[in-house]
Amino acid sequence: MFNTIILKMGQARLTRPEQKKFVHGDTIWGADSNPEELGRWSIEQKEDAKAESGRFQCVYEDDVELFNATEYALEFCECDEDGEFISGSDFELAEIF
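Those letters in the sequence shown? Residues 120 to 216, per the working numbering, in order.
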């Protein structure tokens with residue numbers, strides 16, 4: 120049973136060949152992802168977490184040579200009393216800009 124909600128942000132700058140393999144959410148839960156934690160709530164604070172995450176949108180844009188992705192998501196999981204991850208990880212990816 121989930122007891123924790125974590126707001127995460129992931130970013131990537133990808134070459135064209137990397138972009139072709141990219142899937143929405145890869146910066147959050149992909150094999151090589153290392154997202155930053157922006158906030159944490161207990162499961163009872165679900166509405167607060169959703170309100171905070173609503174301030175963010177995923178952005179995907181091309182510059183001259185690279186593809187830039189910035190993604191935000193809420194992670195629903197179970198953590199121990201020290202806040203360490205135990206299990207779970209259902210994600211809600213933020214809307215796309």
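Just so it is clear, CB atoms sit at the ideal spot from N, CA and C, and this is done for glycine as well. Quick caveat: nothing in here was measured; it's all calculated off a predicted structure.
Give the range of the alpha helix (DSSP H) segment to which Glu137 is assigned. Where Glu137 is concerned, the enclosing alpha helix (DSSP H) stretches over Arg135 to Lys140.
Find the nearest neighbour of Tyr191 within the set Phe216, Ser206 and Val183, judged by alpha-carbon distance. When only C-alpha atoms are compared, the closest one is Phe216.
Between Pro136, Ala131, Glu155 and Gly158, which has its C-alpha nearest Asp145's C-alpha? Ranking Pro136, Ala131, Glu155 and Gly158 by Cα distance to Asp145 puts Ala131 first.
Sufficient close CB pairs (3 or more, under 8 angstroms) joining the segment 125-142 to the segment 172-186: The segment 125-142 is in contact with the segment 172-186.
Mind checking whether Glu156 and Ile125 have CB atoms under 8 angstroms apart? Going by C-beta atoms, Glu156 is nearer than 8 angstroms to Ile125.
Per-residue DSSP class, three states only, for Asp167: Annotated three-state conformation of Asp167 is helix, per DSSP.
Going along the chain, which residues of its own chain have a beta-carbon closer than 6 angstroms to the beta-carbon of Leu212, five neighbours each way excluded? The residues Gly144 and Ala192, in chain order, have a CB closer than 6 angstroms to that of Leu212 in the same chain once the five nearest residues on each side in sequence are set aside.
My guess is that Glu166 and Gly158 are in contact by the Cβ rule of under 8 angstroms, so how many angstroms apart are they, rounded? Your pair Glu166 and Gly158 does not check out as a contact, with CB atoms roughly 14 angstroms apart and the cut at 8 angstroms.
Around the Cβ of Ile205, are there at least 16 other Cβ atoms within 10 angstroms (buried) or fewer (exposed)? Looking at its Cβ environment, which holds fewer than 16 other Cβ atoms inside 10 Å, Ile205 is exposed.
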